[in-house]
Structures are given as structure tokens and as C-alpha cells.
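Right, one structure below, let's go through it.
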Amino acid sequence: MPADSRPRRLFRAALTVALASLIAGCVQNPNSVFHNRTDFNRDVGSLFSLLIWLGTIVFVFTEVMLVWALIKYRSRPGSPRKPEQTHGNTKLEILWTAIPAVVLAIIAVPTVQTIFKTQGAARADALRVEVVGHQWWWEFRYPDYGVVTANELYLPLGRTVNFALSTHDVIHSFWIPALGGKRDLVNNRTNHLWFTPDSTTDDAFNGYCAEFCGISHANMRFRAFTVTPEQFASWVAHQQSSAVFHPQPATPATTPGTAGAAAATAPRTPVAVAPAPGAQPVPPPTAPVQAGFVSFPADKMPNHAIPKTPIPPGLAVDTTLKGDPARGMQLVSTGACIGCHTVKGVPSMVSKVGPDLTHVGSRLTIGGGLFPNDTRHLFAWIKNARAMKPGIQMPTMGKGQYDPIVKTTLTVGYTDQQIADVVAYLQALK
Amino acid sequence: MATTAHAPAVTHGHPPTTTGLDHRKIAIWAFIGSECMLFTSLISTYLVYKGRSVSGPFPHEVCNPPQCATTLKPILNIPITSVSTFVLLMSSLAMVLALAAVENKDKPGWAGTGAWGRALASSKLWLLMTAILGATFLGFQAYEFTSFVHEGLTIRQNLFGSSFFTLTGFHGAHVTVGVLWLLTLLAIDMRRGLGPKDALIVDISALYWHFVDVVWIAIFTLVYLIR
Amino acid sequence: MATAATAPAAAQKGYEHEGGIWSWLTTVDHKRIGALYLYTALLWFLVGGLEALVIRIQLQGPNGRFVSAEMYNQLFTMHGTTMIFLVIMPLSAAFFNLLIPLQIGARDVAFPRLNAFSYWVYLFGSLFMNASWLVGAAPNGGWFGYTPLTSTFSPGLNIDFWVLGLQILGVSSLAAGFNFITTIINMRAPGMHFMRMPIFTWMAFIVQFLLVLAFPVITIALVFLQFDRFFGTQFYEAAAGADPLLWQHLFWIFGHPEVYILILPAFGLVSEVLPTFSRKPLFGYPVMVYSGMLIAFLGFGVWAHHMFAVGMGPIADTLFAVTTMLIGIPTGVKIFNWIFTMWGGDIRFTTAMKFAIALVALFTIGGISGVMHASPPADLQQTDTYFIVAHFHYVLFGGSMMGLLAGLYYYFPKFTGRMLSEKIGTWHFWLTFVGMNLTFMPMHWSGLLGMPRRTWVYDAGQGLETLNLMSSLGAYIQVLAVLVGAYNVLVSMRRGVRAGNDPWGGPTLEWSIPSPPPDYNFAAIPTVTSRYPLWEHHAPGTSDIPRTISDQRVPTAKELGIPMPNPSIKPLFVALFMTLMFACMLLIHLGKTPLAIAGIITCATLMTFSLYSWLLTPLEDEH
Amino acid sequence: MPHDTHDAHGASHSDHKAMGEVHEHPSWGTYKWVALILTVITVIEVWVYYIPVFVASRLFVPTLLIMSAVKFAIVVMFYMHLKYDHKLFRALFTGPLAIAIVTLIILMFLFGHLSIHAG
Ligand code: HEA
Ligand code: HEA
Ligand code: CUA
Ligand SMILES: [Cu+2]
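Chains as they are written, first to last, in my numbering: chain A, 168 to 597; chain B, 149 to 375; chain C, 2 to 624; chain D, 67 to 185.
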């Protein structure tokens with residue numbers, strides 16, 4: 168039956184080509200594991216290409232032999248009804264025990280070398296970052312600087328970063344495909360992972376939770392930003408400062424979208440990806456204390472780093488409302504928010520249950536990297552976070568909203584205007 | 149076909165087993181092999197968690213305030229457990245004697261004719277003895293468990309409590325099944341008498357019983373004696 | 002020389018099983034139990050496949066909203082659990098049941114009633130597990146249920162169903178394991194020493210040891226989890242100092258042998274199919290046997306390769322990497338021996354043969370990606386991504402499933418007395434083959450391009466759209482394939498061509514007796530003098546036995562004076578009460594502890610009672 | 067033990083030669099010695115437990131393990147008459163036991179209760 172072999176042959180050929188072009192093709196991809204931007208990924212990458220090449224050779228060899236046998240020895244009219252009854256061949260069998268053994272040895276040696284290299288101690292001068300996993304967001308602490316932030320990681324270019332990974336609740340796994348990883352965050356253990364972003368420019372990378380950790384496991388993402396050491400220093404200084412908003416008369420804000428160098432220094436309004444018609448970003452009422460680099464410039468965010476999760480249908484967002492940050496601050500610092508969040512400088516806001524909000528306005532994403540940090544999404548988030556991200560602790564706040572966890576419709580809660588106030592305040596927390 | 153030609157006779161009755169052994173005996177040994185893995189998992193867990201409990205009581209260590217609310221003594225009672233270990237070992241002796249008595253039922257006087265000889269030849273006596281010793285062991289275990297609970301060690305108390313009670317509880321459950329099994333055999337013995345043709349079923353229960361005993365030998369050392 | 006002695010060879014027409022539901026409920030006949038396993042497992046395959054289908058619909062495009070996140074988690078958990086515990090294992094069990102006694106020339110298994118018990122436990126356990134859908138609380142912790150997510154952090158009934166369900170199913174596998182070990186050791190026909198045993202029986206034999214040694218470990222791990230959930234023990238309670246890696250180690254000490262439990266029966270089936278349709282004996286039989294043993298043995302020493310990301314340290318990583326790679330060697334030997342079985346043969350591409358060849362081709366792919374995972378630094382970039390999903394579907398679908406489908410086409414005539422249609426079978430094969438590859442091949446890329454597994458959604462613009470669309474299209478093709486296959490089974494069961502004793506010209510004893518075999522299998526127990534007794538009489542792959550059906554009746558056991566075990570309902574009752582006993586535990590979490598205790602005690606009493614009544618009833622009448 | 071089911075086809079069972087024989091079980095004489103040894107070892111075990119110097123020494127754990135292994139072995143060999151029984155049973159028991167022990171030891175290493183010290 169020749170019909171049997173042709174598709175198989177085509178299939179095989181396609182596979183070979185595909186496999187061979189794997190590395191080349193994959194590097195184009197934003198989250199590919201084949202990016203050579205850290206020492207870690209270079210080590211893994213060279214091991215990986217060895218694996219892929221040897222794997223491809225073994226694959227092609229085996230399948231060619233198989234298909235060859237199928238074609239050559241297919242039953243044809245006149246072929247013997249009783250072919251020669253061979254029972255085995257010791258020499259051949261030794262051969263195909265030995266060859267795979269050799270192939271495996273070729274794999275094993277660099278494997279072991281790389282194990283010991285990548286798991287050795289990190290350089291003493293490495294930047295220490297403590298990663299704490301929470302259902303379903305990331306807490307990042309820079310113990311050397313006293314900085315605590317969430318879901319956005321800033322890494323200085325060229326400096327080794329040594330992560331100390333631990334978890335607050337269940338097991339998570341820390342993974343930035345294009346930079347390195349992954350390592351699990353395991354209870355009662357502190358795991359380590361280090362790499363040096365030495366071959367990249369300032370850029371934004373997607374990070375994921377890679378161990379199933381409950382209902383919103385898929386929604387536990389983060390961003391890593393590689394920035395110059397100077398920018399990093401500036402960012403750290405800014406993060407160390409207390410909340411920058413104090414209820415004072417509003418000062419005129421810079422217009423959003425200031426491009427170029429200005430964007431890096433001036434306060435910045437995050438760019439909404441697809442703003443609702445008529446959406447007006449609320450101008451930040453105060454200027455940040457820290458001049459200079461305070462966050463990765465939004466307009467340099469590559470497309471793949473901008474989250475595109477849709478807002479659930481039926482969650483109405485009114486971005487035309489103009490919020491008053493002072494009123495917002497009142498609401499936040501006396502309302503339910505104090506149960507979970509910290510805002511440095513606001514005495515009532517010291518809880519560590521949720522992400523630290525001190526500089527939330529300077530972040531580019533919210534909700535565990537799930538949504539862009541713009542008015543529309545922030546509004547929706549405050550109104551009904553549980554509808555936007557299943558299973559989370561952050562309660563539904565909007566009056567009349569349906570809370571999918573408690574399974575009731577709220578009769579009390581924030582009005583749209585109040586939500587706009589809260590949003591204005593949060594956005595002011597640059 | 150060659151053989152259809154001279155139409156072989158139908159094989160009547162049960163064909164002999166390949167090895168000449170009884171199915172049940174092979175099955176019980178396979179079962180015992182499997183039980184090795186079961187108890188290994190339990191023992192491993194106990195050992196893995198040794199020294200990891202964050203609060204007392206502890207097996208061998210004294211715990212003083214402030215680690216513990218009050219001073220806690222080491223909780224394992226070695227003298228008592230040594231006695232119960234001895235009891236279980238002796239039950240194994242009784243068990244082999246029960247099997248010997250059943251196997252030799254058809255040879256009156258095989259063990260001698262004196263009172264001791266007659267006693268040795270009584271399968272009922274040794275089955276009962278084994279069951280009683282097993283039950284005694286269980287009694288000791290019940291005592292141990294209750295006194296631990298009084299001293300504040302429950303299965304919920306700490307990792308030691310959880311892994312200790314589960315391990316020894318599983319062993320105790322095996323002893324319980326063994327005692328029921330022995331009593332069943334005893335009942336059969338009373339009703340119709342066990343003879344050499346029943347040696348196999350007694351042998352099987354004996355293998356189970358001894359296995360439960362060797363598990364305890366391991367537990368006694370690994371849990372009670374080694375600190 | 003084989004004594005393939007039966008009543009006149011082609012006489013099966015008059016032979017009918019006694020019918021009626023009751024006869025099925027009480028059956029202790031290994032062939033009927035095998036058929037029950039087969040059909041039940043095929044039904045669960047539809048369910049597990051349906052779950053996969055919904056997964057694929059959800060993932061067809063970015064940010065899908067076809068199902069909710071919670072539903073998605075239940076779906077993949079139940080899909081994995083169903084496919085492994087309710088489909089592949091019982092399908093293998095179906096073949097163990099049907100084939101082991103026939104291949105070794107026995108009249109039944111060693112413990113026929115225990116065999117029935119195994120099936121009933123499986124059936125009730127699978128129903129229990131899936132009853133969770135009805136109360137809207139299907140398990141949602143992934144098929145390996147890592148703690149503490151499944152202990153402290155999952156308050157609902159979901160994980161309870163999973164824990165208890167797996168406990169129940171474990172009993173079934175263990176009971177079957179002891180039964181088949183005994184059967185194979187002790188019921189081989191005269192002359193069939195171990196090195197003459199058919200290769201499927203060999204692989205089945207090895208698998209039984211894996212079962213009885215691996216299942217106790219997960220049983221204990223589950224007991225801990227069950228105690229934590231129901232009685233407040235602390236085994237997995239991080240706050241009490243517990244180490245969640247304990248669960249992972251115990252699970253994978255079971256879990257890796259488990260994957261060989263899933264593949265070796267398929268290897269065995271393929272090793273039967275390839276020789277018949279190549280008209281050549283299996284190449285290197287002894288090496289095939291030893292490699293099977295070696296795979297199984299090494300399989301106990303590689304478990305932590307599922308845990309390279311947990312931070313075990315370089316020494317442990319090295320140890321487990323090396324042992325894992327070693328397994329590639331005996332497996333490779335198998336692959337090459339299969340190819341050389343065909344080499345120089347006279348290959349007939351029947352449907353069974355096509356599926357068997359597909360196993361050789363596709364398992365190799367999965368095996369090679371397995372070796373890639375075995376390198377820990379590289380695995381850090383692979384683990385918990387779709388690259389792993391690709392690996393295990395290639396070995397599980399491309400390996401186990403393909404092998405079992407080969408076995409289905411090859412042995413269906415033996416089960417039912419009728420042939421599956423080759424024409425529909427060809428469609429079934431090609432749709433499966435194309436659909437399968439289209440589904441799982443792109444997953445290699447989605448994984449390496451950064452798609453974590455077990456994610457309800459992926460975002461747009463990550464370069465994953467096309468790949469996922471391909472996977473989903475592949476799944477839709479597989480739906481067609483499954484429908485075609487199901488149609489084939491349903492139609493052929495009634496209207497298929499009647500099979501003679503030996504429709505394919507097979508070499509081993511099972512082909513010497515009528516299809517379906519009479520309840521006593523062999524009128525005279527054959528004496529075996531070689532590995533391929535039937536091929537001493539006819540050229541390999543041909544059959545001397547006419548396919549025509551004579552009207553001659555196959556005599557009954559009674560007429561022949563062969564003692565047969567009595568049917569018994571007791572195994573079913575014991576299984577039922579045992580399942581109910583476990584089910585009663587759920588009441589504890591519904592706040593009805595006294596009721597639960599009462600229920601458990603009642604069921605335990607009834608179970609013990611039924612068990613005694615079973616054990617004290619002789620298997621057969623006095624004769 | 068009755069072995070009325072002797073292999074009728076012994077000739078063809080080359081790998082089962084000498085199987086299925088009736089094995090002499092040990093007798094009361096052996097049993098009582100075994101019991102005595104078990105008791106004595108148990109007494110020694112408990113005794114050394116109460117010698118603080120010994121407990122503190124590096125020999126304590128190995129000694130206890132060896133004593134326990136000896137007890138284990140003689141119960142299995144004599145009371146479970148594995149020494150006298152079919153070699154099949156030996157395989158059925160020692161194989162799983164070996165896997166179990168190796169698994170336990172690996173677990174001890176993995177959880178840091180045992181470690182390899184260079185030199
Ligand atoms: C049928 C089941 C089955 C089988 C047979 C295998 C076989 C193998 N598996 Fe797989 N595996 C699974 C089912 C299976 N696996 C499942 C279900 C998971 C995921 C569990 C989960 O996380 O949900 C998994 C996960 C898994 C992992 C963990 C990955 C991770 O989570 O990070 C690893 C790591 O080493 C691995 C390795 C292997 C290896 C080396 C083999 C080897 O046995 C393969 C050997 C075969 C070959 C190598 C091919 C043939 C050989 C030749 C042609 C010779 C020449 C070859 C060479 C020289 C390389 N598997
Ligand atoms: C042998 C085992 C086996 C088999 C055969 C399959 C078969 C399939 N599997 Fe897999 N799968 C697993 C074992 C298996 N799987 C395991 C162990 C996991 C891991 C789970 C976990 O992470 O915990 C997994 C996970 C898994 C995932 C990853 C989910 C995730 O990580 O988020 C996906 C995604 O596409 C997937 C898809 C499929 C598909 C499309 C098929 C197809 O081949 C299915 C084809 C079948 C059909 C399409 C059925 C057709 C149905 C009908 C015709 C219905 C008609 C019936 C009625 C009306 C009753 N599976
Ligand atoms: Cu956190 Cu998945
Ligand atoms: Cu594995």
C-alpha cells in the first residue's frame with residue numbers, strides 16, 4: 168500500500184524542516200525561551216540546541232528506517248507468504264544499545280555541567296530581589312533598598328539579579344521565558360534563581376506563574392523591565408519615597424503623551440490600548456516628588472507586553488466622570504481598602520494582604536499583569552474586580568454589582584462617581 | 149493441526165498449577181511485597197517529618213517554655229513499648245506453633261506424649277494464644293494512644309502526632325485484621341477441626357501475621373529507639 | 002507443537018453466552034469481565050474526550066470565554082484523571098482479562114471472583130468520581146493535585162471527590178494486580194516456561210508488579226491528604242512546618258511507574274500485531290522481555306524528573322537526570338526491534354497494523370521530547386508549558402492509545418466473534434493520525450514560545466494564536482475520528498463479518514480456539530513447545546482454518562465435564578458497599594458528621610458481611 | 067503441606083525444576099531458639115537505649131539498624147520459612163523489599179536527613 172507511506176514521508180519532511188528552523192524561528196517571538204539575553208538563557212540555549220539537533224537526528228534516523236522498512240517490505244503480489252524467519256541478531260541489538268548510550272552520554276555531560284553552573288551561588292554583588300507568590304499576584308521586594316512593589320519587576324542591565332523565591336500560600340512558579348527560569352515558590356523553603364540581563368536593551372518582558380495555583384493561575388502574570396543602572400537608581404529612589412499625593416490644590420498636569428525624552432522624565436499617564444469612546448484620562452493632580460525616571464515609559468511598551476484582556480461584558484465603565492483625588496483618598500484611606508493595602512505615608516494604610524499601592528499610579532498594568540493601568544480598566548477593577556479576575560480576594564466594590572464569589576448583588580458600595588474619585592487618587596499615586 | 153488429528157482427551161477437573169504451588173500462597177506473597185511499599189511510604193513520612201514539628205510534644209526531646217506552653221517530657225514510653233514488642237514477637241512464636249500443630253494433626257503424638265507434647269499439638273490453643281497476644285498488643289497500643297492524648301499529643305497536634313498516629317495506627321489496623329482472621333480460623337477449628345489439608349490457609353494467615361510482626365520490628369527501632 | 006485442541010475448529014455458531022442482565026452482574030468469566038472493562042473504558046473515553054474538546058474550544062482563540070476559569074480547571078483535571086485512570090488503565094485491564102488466560106492456555110484467572118470485584122470497583126469508582134459533575138464540584142486541582150493547593154486551599158467538595166475516587170480506583174488496580182501475578186505465575190499451560198510466554202503476557206506481567214508496588218505509595222499519599230482534609234491532620238499544613246514536597250515525591254514515586262503502567266500493555270499489544278502482519282517472529286524476543294523489565298525497574302528511580310523546578314539541588318538533579326536518560330536505552334531497543342521485526346517481512350497494512358506502526362512512529366517523538374525534559378537546566382524552560390503537554394500526548398495518545406487501538410482492531414474478533422470493518426477502520430486510522438498530529442505537534446511550539454499549561458486563557462499578541470487554532474482544528478478532526486471509530490464498533494458488533502478461530506493467522510494460543518471462546522476456553526489444556534505454537538502448523542500470517550462457519554455446536558462445559566466457577570453477585574456487593582463507605586465521607590464536609598459515621602459503619606458492616614459470605618462460599622460446586 | 071498438585075509435565079518445565087517440593091519446616095527446636103534470639107536482641111536494643119554515652123556515639127544508629135535488620139531477617143527466614151520455601155517467594159518478597167528500602171534511602175537524602183560528606 169504505497170498510499171501509506173507518502174503522507175508519512177511528507178509529514179516527516181515537514182517536521183524535519185520545522186524542527187531545524189525551530190531556534191531561528193522562535194527567537195522572533197516575544198516570549199520565546201530561545202532569547203539569548205541572559206547568561207542563563209545562553210547556557211540553557213546551547214544545551215537546548217544540542218538536544219534539538221541530536222533529537223532531530225535520532226528522529227530522522229528512526230523514522231527513515233521505519234518508513235524504509237514499510238516501503239521495501241510491504242506485501243506485494245508474489246512476495247513470499249513466509250519470509251525468512253529471523254529471531255534476532257545479537258550484534259545488531261548490541262549496536263542499538265550502544266549508540267543511544269553514546270548519544271545520551273553526549274547529552275549528559277553538558278547537562279551536568281550546566282546544572283552545577285546555573286545552580287551555583289550567585290555573585291556576591293548581585294542585586295537581591297525577594298519574590299513572594301500570592302494567589303494570584305506577585306510581590307517583589309528589594310531588601311537592599313527597602314522597596315516593595317507588585318507585579319512589576321525592574322532589573323538593571325548588566326547586573327546579576329539573585330531572586331529569593333518564597334510563597335505566601337500555595338506553590339507558584341516564577342518564569343520569564345525570555346530571560347530565564349523557571350523556579351517554584353515552595354512553602355517553608357526559599358529557592359534561588361539568578362541570571363544577568365547582559366545582552367539586552369531596556370525592554371519589557373512578560374512573566375508568568377507556571378505552577379497551577381488555583382482558579383486564577385492563568386491570570387497571575389507580571390512584567391519585567393530591564394532598565395539602565397541610572398534609571399534603576401532613579402526608580403529605586405522614587406519607590407523608596409512615600410506616597411506622592413497629598414490633598415492639596417491641584418496643579419496643572421503635563422499633557423499625556425509627551426513623547427521622547429520628556430516621557431522618561433515627566434509624569435506620565437498610561438496609554439489606554441483601546442480607550443472607550445470619549446475616554447478622558449484623568450489628569451494627575453500633583454507632580455511626583457521624584458523627578459527623573461520613575462517608571463518604564465509607556466510608549467516604549469512593546470505590543471506583546473500590553474495586556475489585552477477584555478473587560479467582562481456588562482461591567483459598565485463611565486470614563487466621562489471626573490474624579491477628585493482628594494475625595495478618592497478619603498474613600499480609600501477610610502474604607503475597605505485599608506483592610507488589605509499599604510500606602511506609605513498614609514497612616515491607616517499598612518495592611519500587607521494585597522499589593523502595595525504606594526506608587527500604583529506609576530505601574531503600567533494592574534490586576535496581576537492582567538489589564539493595562541488606564542482609567543477605564545482601573546475604573547472597572549475598582550467597581551468589580553471579582554468579575555474581572557475570578558476567585559480573588561479583592562472585593563467587588565461597586566454599588567449594584569454582582570459579586571460572583573459571595574453570589575449576591577451589592578446593595579451598598581461605591582457609586583460610579585466615588586469610583587472615579589478612587590481612580591483619580593490611585594492614578595495620582597505616581 | 150497435528151493434535152486435532154488424534155483428538156486429545158478433554159482435560160477434566162483442574163489442570164495442575166504450573167509451579168505446583170497454591171494460587172493463594174503466591175497471592176499472599178505478592179501482597180506482602182506490595183505492603184512493603186505501603187509501610188515504606190508511612191515510615192518515610194515519619195522520618196522525613198522527624199524534628200520538623202513546630203510545637204510539642206516531641207518523641208524524644210524535652211520541650212521547655214517558651215517553645216512550649218508548659219514543660220513537655222519526651223512522650224514515647226520505651227519500657228511499655230518494649231513489653232508490647234515482646235508480646236508481638238511471642239505471638240509470632242505462637243503462630244508458628246499453631247501452623248505446626250495443624251500440619252501434623254494426622255500424626256498423633258508427633259510432639260511428644262507428655263503434657264507439653266499435647267499442648268504443642270493443639271492448634272486451637274496456639275491460634276487462641278496468637279490472637280490473645282495480638283489483642284494484648286492492641287491493648288497496649290490503645291493505652292499508649294490514650295495516654296498520649298492526655299499528654300497533649302493528638303493526631304492534629306503537630307507533624308509528629310500526625311505521622312506517628314497514622315503509621316502506628318495503620319500497623320494497629322493490620323494487627324486487628326490479623327486477630328479477626330485468627331479468630332475466624334479458630335472458629336473453623338472449633339467447628340470442624342483444622343487438619344493438614346487446611347495447612348495452607350493457616351500458613352497464609354501466618355505469613356500475614358509474621359509480616360505484621362516484622363513491620364513492627366522496623367517501627368520499634370526506627371520510631372521508638374533511634375533518636 | 003501446540004495442542005490447539007478444541008471441538009472442531011470452525012464451530013462457533015451455536016455457541017452463545019447465556020444472556021440477561023443478571024448473568025452480566027454475576028459473571029466471573031474473564032472474557033465477559035474483559036468486555037465490561039472494554040466498553041466501560043470506551044465510554045469514559047468519550048467523556049474524557051468531550052472534556053478535551055471543550056478545552057480546545059476554549060483555547061481556540063486568545064482570551065476565550067467559552068467556559069469560566071473554574072470550569073476550565075475542572076475540565077483539565079477531570080480530562081487528565083479520566084484519561085489515565087478511567088480510560089487507559091482499564092482498557093489495558095480489558096486486554097489483560099481477555100488475553101492473559103487465553104495466551105497462557107488457562108481456563109480462567111486464578112481468582113475469578115476477585116476479578117469481578119476489580120471491575121465493579123472500577124465501575125463504581127468511576128461513577129463516583131464523575132458524580133462530582135452532577136453536584137457541580139468536579140475536582141479542580143490538576144491530575145497530580147499538588148498540596149497545599151489541594152489541602153488547605155481547596156475547601157469545597159471538589160478535591161474530596163478526587164481523593165476518595167482515586168482511593169477506590171486504587172483498590173481495583175491492586176486486586177487485579179495480585180490476581181494476574183498469580184495467574185501468570187501459576188496457570189501457564191504445560192511447556193510454557195517464561196521464555197515461551199507471549200510477549201503481551203510478559204508486558205502485562207511486568208505491569209502487574211508496577212501496579213502492586215506503585216499504588217500503595219499513592220494510597221498513602223492520598224490517606225494523608227484525606228486525613229488532612231477530614232480529620233485535621235497536618236501532613237501538608239505548611240504552617241505546621243510541613244513540606245509540600247512530600248506530596249510531590251510520594252505522588253511521583255507512584256506517578257512515574259504509572260506512566261509505564263500506561264505504556265507497557267500497549268507495547269505488548271504492538272509486539273503481537275507487528276509479527277503477525279509482517280509474517281515474521283518478533284525480533285529479539287528475549288531482549289524485548291529484558292528491556293521491559295529494565296524499563297520497569299529503572300522506572301522506580303526517576304520520579305523526581307517531574308520536580309526539576311522545585312529546587313532539589315544539583316546532586317539530586319544530576320542523579321535523576323541520569324537515571325531518566327538511561328531509560329531511553331531499553332526503550333530504544335524496543336523501537337529498533339520492532340522496526341527489525343518488519344524488516345525483511347511481508348507487511349500487510351491492516352488497520353491494526355497501521356495503528357501499531359503509528360505507535361512506533363509517534364512514541365519515538367514523545368520519547369525524544371522526554372529525553373529533552375530529562376536535562377534539568379533545559380527542563381526549567383520546558384516544565385509546566387505546552388511542551389510537556391505535547392510530550393505526554395505523544396506518548397499517551399501516540400503511544401498508549403495507538404497501541405490499544407491496534408489491540409482493539411486485532412482482538413475485537415476474539416472478544417466478539419466479529420471483525421471490525423477494515424474500510425471504516427482505514428478512515429478511523431487516518432483521521433486519528435492526522436487529527437492527533439495536528440493537535441499535539443503545534444503544542445511543542447506553543448510551549449517553547451512561552452505558553453504555560455493549565456491556563457484558562459492566553460493573551461492576544463503573544464504569537465500563540467495560529468498554533469492554538471491548529472491544535473483546536475486537530476481536536477475537531479479527532480472528534481470525527483472518534484465518531485467513525487465508534488460507528489465501526491457499534492455496527493461491527495452486530496453485523497461484522499464473522500471471524501473464525503484465527504482471522505489473522507496469529508501465532509499464539511488464543512487463536513487456536515473459537516471466537517468468542519467458549520467459557521472454558523480450552524477443552525484440552527494445550528502443551529506448548531515453542532514461542533509461536535500456531536506457526537508450527539501454518540505459515541505466519543496465514544490461517545489454515547477456514548473462515549466458514551459450520552453449524553456444529555461448541556459443547557458446553559457441562560457436557561465436557563469441565564468444572565466452572567459459579568456466578569456470584571457477592572463481589573459486586575462488596576464493591577458497592579466499599580464505594581458507598583467512601584462516599585459517606587463526603588457527608589462530613591456537608592456538616593452531617595453523625596450521619597456520615599452511621600453510614601460508614603453500616604456500609605463497612607455490610608461490606609464485611611458480604612466479604613465473609615463470599616469467602617465462605619466455595620468457588621465451584623463439589624464434583 | 068499438601069502438594070497433591072504436582073506438575074504433571076515436569077519434563078518441559080526446565081525453569082521450574084525442583085519447584086513445588088515439600089519443604090521440611092523447621093520444628094519446635096528451631097522455633098524456640100529463634101524466639102530466644104529475638105528476645106535477646108530486643109533486650110539489648112532497649113538496654114543500649116539507656117546508655118547515654120552510647121546513644122551519643124556515632125555507633126548508636128548503625129547498631130540499632132543492624133540489630134533490627136537481624137530480627138527482621140530471622141523472622142522472615144524461619145517463621146515465614148522463606149529460607150525453606152520455594153525460591154519464587156524469595157523473589158516476590160526481596161524484590162519489592164529492595165525497591166522499598168532504596169526508595170526510603172533516596173527520600174532520606176532528598177529531605178536532608180542523610181547527606182554525602184566528601185572525604
Ligand atoms: C505513556 C506514558 C509516558 C511515557 C512512556 C513516558 C516516557 C518518558 N518520559 Fe514522560 N511523561 C508522561 C508520560 C510518559 N512519559 C506524562 C503523563 C508526563 C507529564 C505529567 C504531568 O506533568 O502532568 C510526563 C512528563 C515527563 C517529564 C517531566 C517534565 C516536566 O514536567 O518538566 C520528564 C522529564 O524527564 C519525562 C521524561 C520521559 C522520558 C525520558 C521517557 C522515556 O521513557 C522515553 C524513552 C523513549 C525514547 C527515548 C524514544 C525511543 C528511543 C530511541 C529511538 C532510541 C534513541 C534515543 C535516544 C538516544 C534519545 N516525562
Ligand atoms: C491517555 C491520555 C490522554 C488522552 C487520550 C488525551 C487526549 C486529548 N487531550 Fe489530553 N491530557 C491528558 C491525557 C490525555 N489526553 C493529561 C494527563 C493531561 C494533563 C491534565 C492536567 O494538567 O492535570 C491532559 C491535558 C490536556 C490539555 C492541556 C490542558 C491544560 O494544561 O490547560 C489539552 C489541551 O489541549 C488536552 C487536549 C487533548 C485532546 C484534544 C485530546 C484528544 O485526543 C481527545 C480526542 C477525543 C475526542 C475529541 C472525543 C470525541 C467525543 C465525542 C465524539 C463525544 C460524543 C460523546 C457523547 C455525546 C457522550 N489535554
Ligand atoms: Cu501562581 Cu499559578
Ligand atoms: Cu516521569
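By construction, the Cβ of each residue, glycine as well, lies at the ideal position given by its N, Cα and C atoms.
Integer Cβ distance of residue i from residue j, believed to fall under 8 Å
i, j, result
"A/Gln607", "C/Pro315", "Because chain A is modelled from 168 through 597, residue 607 of chain A falls outside the range shown and cannot be assessed."
"C/Arg114", "C/Ser569", "5 Å"
"A/Val328", "A/Val353", "20 Å between Cβ atoms; not a contact."
"B/Val231", "C/Gly242", "Not really, about 32 Å apart at Cβ, beyond 8 Å."
"C/Phe201", "C/Leu43", "So it is not a contact: roughly 19 Å between Cβ atoms."
"C/Met72", "C/Glu52", "10 Å between Cβ atoms; not a contact."
"A/Ala345", "A/His202", "4 Å"
"B/Phe187", "B/Val371", "At roughly 12 Å, the Cβ-Cβ gap does not stay under 8 Å, so B/Phe187 and B/Val371 are not in contact."
Reduced DSSP secondary structure (H/G/I, E/B, other) of residue i
i, result
"A/His141", "The requested residue 141 of chain A is not part of the displayed model; chain A covers only 168 to 597."
"C/Glu621", "coil"
"A/Leu352", "strand"
"B/His160", "coil"
"A/Asp292", "coil"
"A/His339", "strand"
Residue j beta carbon less than 8 Å from that of residue i
i, j, result
"B/Pro227", "B/Val210", "no"
"C/Val575", "C/Phe179", "no"
"A/Asp206", "A/Thr367", "no"
"A/Asp210", "C/Pro266", "no"
"C/Thr342", "C/Leu275", "yes"
Heavy atom of ligand 4 within 7 Å of residue i beta-carbon
i, result
"A/Val461", "no"
"C/Val303", "yes"
"C/His538", "no"
"C/Val224", "no"
Ligand 3 heavy atom lying under 7 Å from the CB of residue i
i, result
"C/Phe268", "no"
"A/Met387", "yes"
Assigned exposure category for residue i - 16 Cβ within 10 Å defines buried
i, result
"C/Gly475", "buried"
"B/Thr165", "buried"
"B/Phe285", "buried"
"C/Asn438", "buried"
"C/Ala599", "exposed"
"B/Lys173", "buried"
"A/Val231", "exposed"
"B/Asp361", "buried"
Residue i beta carbon near ligand 1 (any heavy atom closer than 7 Å)
i, result
"A/Pro267", "yes"
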